[in-house]
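Using our numbering, the first residue of the sequence shown is number 815, and each one after it goes up by one. Notes for the one structure printed next.
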Amino acid sequence: MGEFLVDLFSLQGRTAVVTGATSGIGRAIAVALGRAGARVVALGRRDDALAAVVAELRDAGDDAEGFSCDLADRAQLRRAAERAAEPFGEPDILVTSAGVNLRPPFDDLTDDEWDLTMAVNLDAPFLLGRRYGPAMADRGWGRIINLASQQTIRAFGNSGAYGVSKAGVAALTRSQAEAWSKNGVCCNAIAPGFVRTPMTAAVFEDPRRAEALAARTMIGRNGELSDFAGAAVFLAGPAAAYVTGQTLFVDGGFSVT
Ligand SMILES: NC(=O)c1ccc[n+]([C@@H]2O[C@H](COP(=O)([O-])OP(=O)(O)OC[C@H]3O[C@@H](n4cnc5c(N)ncnc54)[C@H](OP(=O)(O)O)[C@@H]3O)[C@@H](O)[C@H]2O)c1
């Protein structure tokens, strides 16, 4: 049994770069990949939060490093992408969880809000994928996991630029899969339901709204950070060798009601 599970899910010997690793879903995924055996390079903006996630990983016996970077700044992104490949070598796994959801009413959406949303949510996954994907393909093994959304497939509360960026993330994931799957690089997206994180704090402040959203799922509750560990470890590991180009909805059935 042990060996069977190791063959399917172990990330031993793999290196993962995780953006958005300082908070919420990205942090939970970074820790889960570490538990599954990966060396983890965490990217985020806040130094204290980076230090905390690196400490949590190391305390559990996992190799980890963290680098601070504003992914909306292309020069910083490029520098961070190079630095992230230094401690443990070129990554085998890339997770792009960094994201912003600004939610102005559509008529008030400014050029700057549009540009920032696209830069962090869509351009950064593209640029990081382009930096690491070809080298994964050359080595014959890789995994890319991008974070999509309900708004990949539907409008949902001032979707605005956010929904457009997340629809783009699913298309980017398919484009990456088309380019690199033949060489062992499986590229997929995870679409969360409604999960309590700093991003959704404002919505959770209205308990009736949070309860109404939970009631719209099939399972009857909103998402928890622990819901993402299994999906991420699966998509990052050997078991997902024939899964590519997909958007996996980890949403309690929200998207199919
Ligand atoms: N929570 C949900 O219900 C939900 C639902 C659907 C999809 N998602 C998606 O899941 C992903 C994670 O969301 P979350 O809820 O975990 O969000 P979160 O807790 O607010 O975390 C967002 C992360 O993105 C990073 N980030 C934001 N702007 C950045 C920038 N300019 N440069 C570098 N890093 C930046 C943050 O870094 P710092 O904190 O260090 O600034 C933080 O680590 C996002 O892509 C989001 O769109 C979330």
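Using N, Cα and C, we set each Cβ at its ideal position, and we do this for glycine too.
Contact between the segment 920-940 and the segment 839-855 (3+ Cβ pairs under 8 Å): no
Meets three-Cβ-pair contact criterion under 8 Å: the segment 908-920 and the segment 935-955: Contact between the segment 908-920 and the segment 935-955 is present, with at least three C-beta pairs closer than 8 Å.
Option in I958, L885, D1041 and M1032 with minimal Cα separation from A1055: It is I958.
N935 beta carbon less than 7 Å from that of S979: yes
G875, DSSP secondary structure in three states: coil
Inter-residue Cα distance where the pair is G858 and E817: 35 Å
Residue nearest to R872 in terms of C-alpha spacing, selected from E896, R944, V845 and G834: V845
Coil, strand or helix - S979 by DSSP: When secondary structure is reduced to three states using DSSP, S979 falls in the helix class.
Of the listed residues A949, R849, F823 and L923, nearest to G875 (C-alpha basis): R849
heavy atom of ligand 1 below 6 Å from S824 C-beta: S824 Cβ: outside cutoff for every heavy atom of ligand 1.
I839 beta carbon near ligand 1 (any heavy atom closer than 6 Å): yes
Test item: CB-CB of A1003 and A975 under 7 Å: no
heavy atom of ligand 1 below 6 Å from M932 C-beta: no
Check whether T1031 and F1068 have beta carbons under 7 Å apart: Less than 7 Å divides the Cβ of T1031 from the Cβ of F1068.
Close-in-space but distant-in-sequence residues of the same chain around W955 (CB under 8 Å, 5 per side omitted): D906, G998 and V999
F1008: CB within 6 Å of a non-hydrogen atom of ligand 1: Yes.
Environment of I1033 [buried if 16+ CB atoms lie within 10 Å]: exposed
Short Cβ contact (7 Å threshold) for A1046 with L822: no
Rounded separation between L1027 and F1008 - CA only: 7 Å
T931: first and last residue of the uninterrupted alpha helix (DSSP H) it sits in: For T931, the uninterrupted alpha helix (DSSP H) segment begins and ends at D925 to M932.
Any non-hydrogen atom of ligand 1 within 6 Å of V914 CB: For V914, the shortest C-beta to heavy atom distance toward ligand 1 is below 6 Å.
Identity of the residues DSSP links to C1000 by a beta bridge: R957.
Backbone CA spacing between R1035 and D1041 [nearest angstrom]: 12 Å
Endpoints, beta strand (DSSP E) assigned at R853: R853 to G858
P918 - partner residues in DSSP beta bridges: Partner(s): none; P918 has no beta bridge.
First through last residue of the alpha helix (DSSP H) which encompasses I907: Note, I907: premise wrong, no alpha helix (DSSP H); beta strand (DSSP E) at I907 to T910.
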